[in-house]
Amino acid sequence: MYVQTVLGKIPSDQLGVCACHEHLYVDLSRIKKDEDTRLQDLDLVIDDLQLFKRLGGQSIIEVTNDGMGRDVTKLQEISRRLNLHIVASTGCYKDPFIPDGKLTWNREQLADWMISEIEEGIEGTGIKPGVIGEIGSSLNEFKPIEIEMFHGAIQAAKQSGLPLSTHTTLGTCALEQVEMFQKENLPLDQVIIGHQDLNTSDGIVLEVLESGAFVALDTIGKTNYRSDEDRLASLIAFIGKGYEDQILLSSDLTRKSHLSAFGGQGYDVVLRTFIPALRREGVTEDVINKLLVKNPQKAFSIHSRKGDLR
Ligand SMILES: [Zn+2]
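Heads up: the sequence shown runs through residues 2 to 311, numbered per this note's numbering.
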């Protein structure tokens with residue numbers, strides 16, 4: 002089993018302590034019209050990631066895709082300078098972030114494009130994505146282009162074996178995403194349903210877990226949406242129901258103001274504050290190791306297909 006990083010394949014067990022949903026080089030300002038959402042200063046990001054590394058962080062799943070200011074050469078540079086594993090993404094985000102040129106594409110065209118990035122590398126760099134993500138739905142609905150994008154992503158995931166990581170807007174449409182994957186026979190253990198710490202219903206998150214999908218509690222530290230105490234209470238409830246093998250953690254930074262240098266939570270927020278809080282609640286080291294190491298290792302390994310022994 003292996004994981005595809007921006008510096009090539011690594012054995013899955015080398016991934017180590019992993020943040021499952023981050024952005025290291027991203028620009029959402031085209032749509033958001035807010036300069037704060039342009040996080041493209043490598044030196045600042047590297048300084049912040051040093052804190053993540055100092056607390057044991059070893060790998061980042063970087064889910065910035067086409068339309069979000071993706072530049073995988075920058076990810077490669079960060080990976081080399083920090084000696085940090087970084088996994089890059091293929092796909093598009095959600096309406097209205099999808100680039101103009103792809104708005105009219107159908108699911109087959111989108112699938113072909115993702116598969117070509119997976120096989121040949123991204124935009125002529127030769128750097129290959131290791132995940133299809135973050136593929137998103139809107140608040141409480143799928144826009145038509147998002148339906149095409151999901152189906153294209155499903156096709157690419159089936160053909161390539163790459164994991165498929167989703168965005169849900171404020172946690173909504175998680176079950177609808179699961180139903181789409183089930184209908185299309187994409188194995189649910191190849192799927193990560195995103196932003197479920199923003200889902201207001203623990204019951205729905207439990208249904209997603211019951212489906213076999215991985216669940217990302219990946220906006221930790223964004224306390225404007227929800228307090229981390231609430232996130233912690235939900236996580237402990239999910240662990241109590243026996244789902245400790247399917248949960249992933251991250252912080253999803255997208256703004257300059259999220260960096261420690263600007264008073265933000267920083268990429269180390271999960272390791273610095275959330276994990277110690279879990280320990281105080283009596284969560285065992287074995288479970289913490291699953292959340293940070295073992296579950297990402299399983300979730301981001303490329304699923305080998307029938308007869309494919311690479
Ligand atoms: Zn994100």
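Heads up, the beta-carbon is just placed ideally off N, CA and C, and yes, glycines get one too.
Just verifying my parser: in three-state terms, what is the DSSP assignment at residue i?
| i | result |
| --- | --- |
| Val7 | coil |
| Pro145 | helix |
| Ser117 | helix |
| Arg108 | helix |
| Leu310 | With a pLDDT of only 41 at Leu310, under 50, the local geometry of the prediction cannot be trusted, and no value is derived from it. |
| Val284 | coil |
| Asp96 | coil |
| Arg273 | helix |
When you compare each of the options to residue i by their alpha carbons, which one comes out closest?
| i | options | result |
| --- | --- | --- |
| Leu52 | Gln5, Leu272 and Glu120 | Leu272 |
| Ile123 | His304, Gly241, Leu236 and Leu8 | Leu8 |
| Lys295 | Glu36, Asp14, Tyr3 and Val4 | Asp14 |
| Gly137 | Val179, Ile11 and Leu163 | Val179 |
| Asp246 | His259, Lys299 and Met69 | Lys299 |
| Asn200 | Leu171, Asp190 and Ala217 | Leu171 |
| Lys70 | Ala20, Gly92 and Ala262 | The sequence shown places Gly at residue 70, not Lys. Selected option, being the one with the closest Cα: Gly92. |
| Lys75 | Leu43, Arg39 and Leu56 | Leu43 |
DSSP has residue i in a bridge; who is on the other side?
| i | result |
| --- | --- |
| His22 | Note: His22 sits in no beta bridge, so no partner. |
| Thr167 | Ile136 |
| Pro12 | Tyr3 |
| Ala217 | Leu249 |
| Glu63 | Glu23 |
| Val88 | Ile62 |
| Ser192 | It is worth fixing the name first, because residue 192 is Val in this sequence and not Ser. Looking at the DSSP assignment, Val192 forms a beta bridge with Leu165. |
Cβ of residue i within 7 Å of any heavy atom in ligand 1?
| i | result |
| --- | --- |
| His259 | no |
| Glu135 | yes |
| Val64 | yes |
| Asp198 | no |
| Asp231 | no |
| His304 | no |
| His22 | yes |
| Asp253 | yes |
| His168 | yes |
Does the segment 270-287 come close enough to the segment 129-141 that 3 or more CB-CB pairs lie under 8 Å?
no
Under 8 Å, with one C-beta from each stretch per pair, do the segment 245-253 and the segment 209-222 reach the 3-pair mark?
yes
Taking 8 Å as the cut-off, does the segment 52-69 touch the segment 22-29 (at least 3 CB pairs, one atom from each stretch)?
yes
Could you tell me whether the segment 149-167 touches the segment 185-200, using the rule of 3 or more Cβ pairs below 8 Å?
yes
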